[in-house]
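Written below as C-alpha cells is the structure these notes are about.
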Amino acid sequence: MFTASLSKYADPVCDRIDPSGHFKHRLFRESCVFYKSNYIKHLSILGRDIEQICIIDNSPISFCFHRQNALQIVTWFDDPTDTALLDLIPYLQGLAAAPSVLEYVSQNVPPPSAAIAQPDFSPWLIGAPSIYGNGVGYYDDEDEEEEDADVLHDGPHDARLQCREEDGGGPSSPHGIITMASRSSSETVTAT
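Okay, so the sequence shown: first residue is 158 according to my numbering, each after it adds one.
Next comes the structure, spelled out in C-alpha cells:
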C-alpha cells in the first residue's frame, strides 16, 4: 500500500480497511519524492523490477515518473454505491496472470467504470528526471526540507531507508537492498 498521505493519518485507516494484515508493506508521504511541489510515488524505491509493477491511483501526478505502469482510477467521493475497485478485479486478474505488466497495461483497456485508460499529464511533468543525483528530494516530516540523496526518511520512527547498489542490485532491481538505520540507535536492518 503506497499513499501520499502522512503516516499518522493513513496508518489508522490502513488498520481499519486491512485488519487481517494483507498489506505486506505500507508506504506513506515520507516515502514519496517531493518534486515541483508535489508528492510523487517513485516506484524504484520498492526494490523490485519496475516492469512488473502496476500502480493504481486517482491522481496522475502521483505516478508521473512511471506513467507506463499506471492505471488511473476514478476518484471516490464518499459514495457507498461506488464499485470502481470491484469493477477492476477481472482486469487485475488478467494482469496478475500476464508475463509482463507493462505489456498488459499497454494492450488491455480497463473497464471505463473503474479507470481512465490514458491519464492526462501536464506538459511540465513529461520527461521528469530520475530521482538519483538530480536534486529531487524526499519528504521529511520533521523539518519539511528536501534531501538531495536517495535517502528516505521514515518520519516518526526517525529512521532512514537507503537504496544501495550492492551485489549487482539497485533501486530498480529485484535484487536491490533497502537498508533501514535508525538515528537513535546503532541497529541496522537490511531487507532484500
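Just so you know, even glycine gets a beta-carbon here, dropped at the ideal spot from N, CA and C.
Query raised in the report: Of the choices 221, 235, 236, whose alpha-carbon is the least far from that of residue 229?
Result: 221
Check whether residue 223 and residue 200 have beta carbons under 9 Å apart = yes
task: Any chance you could list the alpha helix (DSSP H) runs of at least 4 consecutive residues sitting entirely within the stretch 168–198, in chain order?
output: none
For the stretch 231–241 against the stretch 253–263, do three or more pairs of beta-carbon atoms, one drawn from each stretch, fall closer than 8 Å, so that the two count as touching? no
* How is residue 234 classed by DSSP in three states: helix, strand or coil? -> coil
query: Taking all protein chains shown into account, do 16 or more other C-beta atoms lie within 10 angstroms of the C-beta of residue 208, making it buried, or fewer, making it exposed?
result: exposed
Q. For the beta strand (DSSP E) that contains residue 214, what are its first and last residues?
A. 212–214
| request: Report the partner residues of residue 159 according to the DSSP bridge assignment. | output: 184
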